[in-house]
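Chains F and B, in that order, give the protein sequences. Mapping to my numbering: the first sequence position 145 is 145, numbers consecutive. Mapping to my numbering: the second sequence position 140 is 140, numbers consecutive. Using N, Cα and C, we set each Cβ at its ideal position, and we do this for glycine too. From a predicted model like this one, the values you see are computed outputs, not experimental measurements. What follows is a set of notes on a single structure, which appears directly below.
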Amino acid sequence: MMTSTQITAKPVRQRSSALDVQRVRRDFPILARQVNGKPLVYLDNAATSQKPQAVIDALVRYYTDSNANIHRGVHTLSVRATDLYEHARDRVRAFINAASSKEIVFVRGATEGVNLVAQTHARARLRAGDEIMITNLEHHSNIVPWQLLCAQTGAVLRIAPINDEGELIFEEFERLLGPRTKIVSFTHVSNALGTINPVVKMTELAHRIGATVIIDGAQAVPHAKVDVRAIGCDFYVFSSHKMFGPTGVGAVYGRLELLEAMPPYQGGGEMIKSVTFENTTYNDVPHKFEAGTPNIAGTVGFGAAIDYLEEVGFDAIAEHEHNLLVNGTERLSTIPGLRLIGTARDKAAVLSFVVDGIHPHDIGTILDQHGVAVRTGQHCAQPVMDRFGIPATVRASMAFYNTREEIDSLAAALRHAVEVFG
Amino acid sequence: MHEAEDLYQEMILDHYRRPRNRRAMETADAFAEGYNPLCGDRVKVYVQVEDGIVKDVSFQGAGCAISTASASLMTESIRGKSLEQARALFNRFHGLITGEPAENGAPELGKLEVFSGVGKYPARVKCATLVWHTVNAALENRKETVTTE
Numbered sequence: 001m002m003t004s005t006q007i008t009a010k011p012v013r014q015r016s017s018a019l020d021v022q023r024v025r026r027d028f029p030i031l032a033r034q035v036n037g038k039p040l041v042y043l044d045n046a047a048t049s050q051k052p053q054a055v056i057d058a059l060v061r062y063y064t065d066s067n068a069n070i071h072r073g074v075h076t077l078s079v080r081a082t083d084l085y086e087h088a089r090d091r092v093r094a095f096i097n098a099a100s101s102k103e104i105v106f107v108r109g110a111t112e113g114v115n116l117v118a119q120t121h122a123r124a125r126l127r128a129g130d131e132i133m134i135t136n137l138e139h140h141s142n143i144v145p146w147q148l149l150c151a152q153t154g155a156v157l158r159i160a161p162i163n164d165e166g167e168l169i170f171e172e173f174e175r176l177l178g179p180r181t182k183i184v185s186f187t188h189v190s191n192a193l194g195t196i197n198p199v200v201k202m203t204e205l206a207h208r209i210g211a212t213v214i215i216d217g218a219q220a221v222p223h224a225k226v227d228v229r230a231i232g233c234d235f236y237v238f239s240s241h242k243m244f245g246p247t248g249v250g251a252v253y254g255r256l257e258l259l260e261a262m263p264p265y266q267g268g269g270e271m272i273k274s275v276t277f278e279n280t281t282y283n284d285v286p287h288k289f290e291a292g293t294p295n296i297a298g299t300v301g302f303g304a305a306i307d308y309l310e311e312v313g314f315d316a317i318a319e320h321e322h323n324l325l326v327n328g329t330e331r332l333s334t335i336p337g338l339r340l341i342g343t344a345r346d347k348a349a350v351l352s353f354v355v356d357g358i359h360p361h362d363i364g365t366i367l368d369q370h371g372v373a374v375r376t377g378q379h380c381a382q383p384v385m386d387r388f389g390i391p392a393t394v395r396a397s398m399a400f401y402n403t404r405e406e407i408d409s410l411a412a413a414l415r416h417a418v419e420v421f422g
Numbered sequence: 001m002h003e004a005e006d007l008y009q010e011m012i013l014d015h016y017r018r019p020r021n022r023r024a025m026e027t028a029d030a031f032a033e034g035y036n037p038l039c040g041d042r043v044k045v046y047v048q049v050e051d052g053i054v055k056d057v058s059f060q061g062a063g064c065a066i067s068t069a070s071a072s073l074m075t076e077s078i079r080g081k082s083l084e085q086a087r088a089l090f091n092r093f094h095g096l097i098t099g100e101p102a103e104n105g106a107p108e109l110g111k112l113e114v115f116s117g118v119g120k121y122p123a124r125v126k127c128a129t130l131v132w133h134t135v136n137a138a139l140e141n142r143k144e145t146v147t148t149e
């Protein structure tokens, strides 16, 4: 039987200096394919990222060699599957520098993460008239769970505004924090605009008035090293699929004392210690929040994605993506009639824009004919669009496997769109 | 010719840039609203019907080239038609977009044939059909918002 020691004994090849983009591209089989007769230029990474062979192999290997249900059987495969699953939990813990793997709850993704925190910790904490604060930058998944909770508890939703650059207006955020603010939930990086929020400062201010801080990290984790203890937040949620792992799995980090005090989220198997018709004892954290058979293979793949990302190295990723952002911003500024939406000083490699006289959907269709995949629409962030008075944008969102040549392809395809509509 | 030009033919671009009958109608007998939650496009269609004939039809709203041109050409196509003819035209147009062959006795589409390329772009079918669902609702005098979902 393989032990967990053997599982962790994977050698780490640290790729030290600058990113070798051609080398990392070879790790992603899909990047070699053509779309509409053109090489795929995948610039929809904020929607979901592509998967390296290492992650694909981890899924295949899991189902080929190790598949069984976890935390259930005494047989070899069940023990093996449990080891792999719990090993992934420890990889997630180390990835975000949580103190204990008990602080990592596996969920379906960031959306379920927000819902879990809303319906357990927040619901237990809120009284009618209390306030929940979010920002104007949020994805619908960090808006609607709070609206549902407001309807259940009589709490009030407050929205911290943003400026014309798409940055949080910090003074307004500070001013809106009051004695009734019990929950403060905000995104680390905006999916629609790429704005990076000053999460450390925001957390500190919210904690000063005793509020619980929840951070939606879905768009942050693929781009930069996240340290939940350095941020100081109470909860941090993110998805595997946006960081090169499988879909259908994500994690909630929660401070242990908060998780331990929380009521369960869903009832079922695994989340209990003993069940009789008279009385049920819940399992310890984090299992108390993981009712039912989880996405075991996906979770193992999630761990493989973390291994892969750390092997590439966040310093190299950050430098490469910054160069792409600077280059892309320059290139797009040469397209006639193009206006960038979201020009924050501190920004991830996301280019959201509109072009005079051409609807984003028409741009999206023409770009697709060039093999260029972008997102067009509201990006599940309708209030961001409303703030800028536009129905939709085109969004090119980059990952470390994108190249300057792909930015050139984007610019060429945009010129063609301008020509067609000229 | 690049494939994008198959979709964005000159007539579509012309009706996108200079939409016909894009105006509110104070004398309307009925109107209906259409909404495509995928892109956020909204369209409002007004109709004036006399003796079972569409006397006037107009629309309001801004969307992509396909949806705007579709709205503009729809207004031109159904004005003067009987309610029955308008419905038959809608059915035939829907068939064109979704690739169904014309049945015997189906009306001629005329200019609307320009949308024949849309069927190759499944993500764009609703852009072309939303305004037709909406005018259908207006002609049936249904008040609820029509959606593409």
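{"query": "Within-7 Å CB hit, Q369/F to chain B", "result": "yes"}
{"query": "Whole-angstrom distance between Y236/F and A155/F, CA atom to CA atom", "result": "22 Å"}
{"query": "Neighbour list for Y121/B in chain F, Cβ cutoff strictly below 8 Å", "result": "T365"}
{"query": "Any C-beta of chain B under 7 Å from that of P391/F", "result": "yes"}
{"query": "Span of the alpha helix (DSSP H), counted from its first residue to its last, around D386/F", "result": "Q382 to R387"}
{"query": "Secondary structure of D90/F, DSSP reduced to three states", "result": "helix"}
{"query": "Same chain, Cβ closer than 7 Å to T75/B, neighbours up to 5 away in sequence not counted", "result": "R20, N21, V57, S58 and F59"}
{"query": "7 Å Cβ shell around T5/F - same chain, five flanking residues per side excluded", "result": "The predicted model places T5/F with a pLDDT of 37, which falls under 50 and marks its position as unreliable; any figure quoted below should be read in that light. Result list for T5/F: empty, nothing under 7 Å."}
{"query": "C-beta atoms of S378/F and A392/F nearer than 7 Å", "result": "Just to set this straight, residue 378/F is Gln in the shown sequence, not Ser. Yes, the Cβ-Cβ distance between Q378/F and A392/F is below 7 Å."}
{"query": "Cβ-based neighbour list, K225/F, same chain, cut-off 7 Å, excluding 5 preceding and 5 following", "result": "F314"}
{"query": "Anticipated Cβ contact below 8 Å, T343/F with E165/F, distance rounded", "result": "5 Å"}
{"query": "Residues that DSSP places opposite M133/F in a beta bridge", "result": "R158/F and V184/F"}
{"query": "One or two residues paired with L148/F in a DSSP bridge", "result": "DSSP lists no partner for L148/F."}
{"query": "Short CB-CB distance (under 7 Å) between Q34/F and chain B", "result": "no"}
{"query": "According to DSSP, residues forming a beta bridge with A396/F", "result": "L351/F"}
{"query": "Alpha carbon of G211/F to alpha carbon of F170/F, nearest angstrom", "result": "A quick correction: the sequence has Ala, not Gly, at residue 211/F. When rounded, the distance between both Cα atoms is 17 Å."}
{"query": "Residues in the stretch 37-56 of chain B having any Cβ partner in chain F nearer than 8 Å", "result": "L38, C39, G40 and D41"}
{"query": "Short CB-CB distance (under 7 Å) between A413/F and chain B", "result": "no"}
{"query": "Proximal residues of chain B, C-beta to C-beta of H359/F below 7 Å", "result": "G63, C64 and A65"}
{"query": "Within chain B, partners of V41/F - CB distance below 9 Å", "result": "Ordered by position in chain B, no residue passes the 9 Å Cβ test against V41/F, which lies about 16 Å from the chain."}
{"query": "Chain-order list of residues whose beta-carbon lies under 6 Å from that of E419/F (same chain, five-residue window excluded)", "result": "none"}
{"query": "Cβ distance (whole Å) where L176/F is taken to contact M133/F below 8 Å", "result": "6 Å"}
{"query": "Buried versus exposed, by CB contacts within 10 Å (16 or more), M271/F", "result": "buried"}
{"query": "Rounded straight-line distance, which links the Cα of R87/B to that of E5/B", "result": "30 Å"}
{"query": "Chain B contact residues for V350/F, given Cβ-Cβ distances below 8 Å", "result": "Residues of chain B passing the Cβ test: none, with the nearest at roughly 19 Å."}
{"query": "Contact under 7 Å by Cβ, A124/F with P263/F", "result": "yes"}
{"query": "Selected residue, minimal CA-CA separation from N91/B, among L112/B, V146/B and Q48/B", "result": "L112/B"}
{"query": "Classification of Y265/F by the beta-carbon crowding that lies within 10 angstroms, buried from 16 upward", "result": "buried"}
{"query": "Meets three-Cβ-pair contact criterion under 8 Å: the stretch 406-421 of chain F and the stretch 322-341 of chain F", "result": "yes"}
{"query": "Which listed residue (V45/B, A65/B, D51/B and L96/B) has its alpha carbon closest to that of H133/B", "result": "V45/B"}
{"query": "Contacts of D20/F in chain B (Cβ-Cβ under 9 Å)", "result": "Near D20/F there are no residues of chain B at all, since even the closest Cβ is about 34 Å away, more than 9 Å."}
{"query": "Near-chain B residues of the stretch 245-269 of chain F - C-beta to any C-beta below 7 Å", "result": "none"}
{"query": "H188/F versus A160/F: straight-line alpha-carbon distance, rounded", "result": "14 Å"}
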